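Below you'll find the structure, written out as structure tokens, and then a few comments.
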Amino acid sequence: MRSQSEPAAAEPGAIARPPLVRELLLVAGLFLVYKFGRQLATGHTAEALHNAHRIWDLERTLHLPSEVDVQSALLHGGTLVHLANTYYATVHFPATLAFLVWLYLKRPAHYVWARRVLAVVTAAALVLPFTFPLAPPRMLAATGLVDTARVYGPSVYGPPTSDHLSNQFAAMPSLHFGWALMVAIGLIVATRSRWRRLWLLHPAITLLVIVGTANHYWLDAIVATAMLGAALALINPPHRTATTAGRGTRHLVSEEPALVGAGR
């Protein structure tokens, strides 16, 4: 009989938690790439505005709902539009970071999967501003849309000519929406609560916010969804061999042996 003080043997297929310092560097790098990578594609104002008119016309050809209708609903009250601007400015990064931290602590195998998916989507999204610079709808006077952040606050952008911290002509794809959708999918996959599908409210609210504040077109979110779908098809999540419906111990088996040690 094994002594009670003897350490228990590792569960078969258990996933080791990745080294913390390395993961901090990797996640910080992901955020920095997102924040500063698009600046490399600046300086295409005329082309970005031309593409914006093309996207606007294409959406009307496809009979997509008008962004104007969503914004009109927000503009019924100053409080609602201010909340939308605040959500756009403050929820995106913290929600994604909290998602990754929770997975790292509670679901290390799912953490590695989610980190890989986010990295792939972010890297792919940085290519489009070079090939298809796009001005957001708030810059198109013909749309009749209001730059709600500038008028009602708070705003995360300065004038495009003097804003050196972001590329405002990189509207497509919307990583605001792509990351929010991945947060919801990741939490639905990694948990077993009967209420877990309510996490889809996060990307749903994000979609209404990015469109209603005139920061993105519907097509920006559609392209982000397609990119995320491709990444999810390429990178399989770990699967459970046993669960207790959200309680007790869960044993995870990775479909990719490379997840053990979680470094690559």
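Basically the working numbering = 1-based index in the sequence shown + 668. Yeah, the Cβ is synthetic: ideal placement off N, Cα and C, and Gly gets one too. The structure displayed is predicted, hence computed values, not measured ones.
In the structure shown, the three-state DSSP call for Ala-852 is helix. Under a 10 Å Cβ-count criterion, His-744 is classified as exposed, with fewer than 16 other Cβ atoms of the shown protein chains found around its own Cβ. In this structure, the CA atom of Arg-685 is about 13 Å from the CA atom of Arg-783. Judged by pairs of C-beta atoms under 8 Å, the segment 837-856 touches the segment 760-767, as three or more such pairs exist. For Ala-793, the enclosing alpha helix (DSSP H) covers residues 776-793. Secondary structure note for Asn-719: its alpha helix (DSSP H) is the uninterrupted segment 713-729. Nearest C-alpha to Ala-741 among Thr-816, Ala-889 and Ile-856: Thr-816.
In this structure the segment 794-811 does not touch the segment 861-877; the number of beta carbon pairs closer than 8 Å is below three. When Asn-883, Ala-901 and Ala-889 are compared, the shortest CA-CA separation from Tyr-755 is found for Asn-883. Around the beta carbon of Ser-842, 16 or more other beta carbons lie within 10 angstroms, which makes this residue buried. Residue environment for Trp-863: exposed (fewer than 16 other C-beta atoms within 10 angstroms of its C-beta).
Between Ala-716 and Phe-837, the CB-CB gap stays under 7 Å. Rounded to whole angstroms, the Cβ separation of Ile-903 and Val-789 is 10 Å, and the two are not in contact under 8 Å. The C-alpha of Leu-730 lies about 23 Å from the C-alpha of Val-814. Under the three-state reduction of DSSP output, Ala-684 falls in the coil class, being neither helix nor strand.
In the DSSP assignment, Trp-863 falls outside any alpha helix (DSSP H) and carries neither an H nor an E. Residue pairing for Leu-748: DSSP places it in no beta bridge. Linking Ala-792 to Val-701 through their CA atoms gives a straight-line distance of about 11 Å.
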